[in-house]
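Residue numbers (our numbering): 2 to 245.
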């Protein structure tokens with residue numbers, strides 16, 4: 002009987018160890034998959050420090066998320082966020098349109114750069130996302146700077162549609178720079194904002210969610226007090242030209 006208990010105990014320990022390994026593997030796969038999808042959408046280098054999944058709280062926490070500048074701009078980060086917390090409805094992932102209750106972005110640094118002849122780096126990133134919704138011949142993906150951003154390299158799941166109830170941004174700083182006027186760099190704190198019904202209750206593609214995210218950051222930047230008039234003018238022009 003004692004041996005039987007020992008055997009059962011060993012089986013339980015091995016099963017627990019196996020579950021931990023599988024769980025860690027799932028987090029690694031989620032991290033790698035999101036890096037691939039985001040990099041493809043923005044046509045920029047993307048890194049994620051870690052991904053943590055809570056099956057009890059139904060959350061996905063991403064740490065140290067960095068999105069690089071598009072190829073036409075100098076190498077460096079366009080956006081960096083210490084934490085992105087996504088709360089989701091677990092059973093909705095078995096349907097055609099998964100539901101995200103909330104996307105919370107915290108402790109960010111957004112480097113908004115304007116260059117003559119190019120516009121802003123954020124609008125360039127948004128354009129790369131927008132082009133995914135256009136016919137293949139007009140997407141520009143046939144001339145992508147890297148093979149992994151080409152038309153035939155689209156990651157699986159990118160066309161799946163989502164419902165997003167809320168998007169919130171907290172403790173984020175905007176760093177403005179341009180080569181148009183003598184302005185090396187100006188940093189301002191972005192007021193916390195919350196967007197309800199980000200997708201207006203309708204299922205939308207993952208690229209559209211990413212586009213709305215970038216556009217919202219630019220719109221909120223325009224509301225900053227103390228923004229120089231030439232900077233505000235060029236930002237407003239970029240925002241008005243962004244449509245999906």
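Quick reminder that beta carbons are idealized off the backbone N, C-alpha and C, glycines included.
Bear in mind that the values here come from a model prediction, so they are computed numbers and not experimental data.
Exercise for review: If I'm right that residue 177 touches residue 221 with Cβ under 8 angstroms, what's the distance once you round it to whole angstroms?
Suggested key: Counting from one through the chain shown, the residue named residue 177 turns up at place 176. Counting from one through the chain shown, the residue named residue 221 turns up at place 220. At roughly 13 angstroms, the Cβ-Cβ gap does not stay under 8 angstroms, so residue 177 and residue 221 are not in contact.
Point to revise | For residue 79, the three-state DSSP class (helix, strand or coil) | key: Counted from its first residue, the chain shown places residue 79 at position 78. Strand.
**Study point:** Residues near residue 166 in its chain [Cβ-Cβ closer than 6 angstroms; skip 5 each side]
**Key:** Translated into the one-based positions of the chain shown, residue 166 becomes position 165. Cβ-Cβ distances below 6 angstroms link residue 166 to 102 in the same chain, with the five nearest sequence neighbours on each side left out; the list follows chain order.
Exercise for review: Identify every residue that forms a DSSP beta bridge with residue 89.
Suggested key: On the chain shown, position 88 is the one that residue 89 refers to. Note: residue 89 sits in a beta bridge opposite 101.
Exercise for review: Out of 129, 39 and 65, point me to the one whose CA is closest to residue 144's CA.
Suggested key: Within the chain shown, the letter at position 143 stands for residue 144. Cα-wise, what sits closest to residue 144 is 129.
Point to revise | Any beta strand (DSSP E) of 3 or more consecutive residues that is wholly inside the region 160-236 | key: Counting only runs of 3 or more, we get 162-165, 167-179, 187-191 and 194-197.
Practice item. From the DSSP output, in three-state form, read off residue 31 for me. Key: For the purposes of this step, residue 31 is taken as the residue at position 30 of the chain shown. Helix at residue 31.
Check your understanding: CA-CA distance, residue 67 and residue 44?
Key -> Numbered from 1 along the chain shown, position 66 holds the residue referred to as residue 67. Numbered from 1 along the chain shown, position 43 holds the residue referred to as residue 44. When rounded, the distance between both Cα atoms is 13 angstroms.
Check your understanding: Are three or more beta carbon pairs between the region 224-231 and the region 199-215 nearer than 8 angstroms?
Key -> no
Point to revise | Sequence-distant residues of the same chain with beta carbon closer than 6 angstroms to residue 80, five excluded per side | key: Here residue 80 is taken as the residue at index 79 of the chain shown, counted from 1. Cβ neighbours of residue 80 beyond the five flanking positions: 68 and 111.
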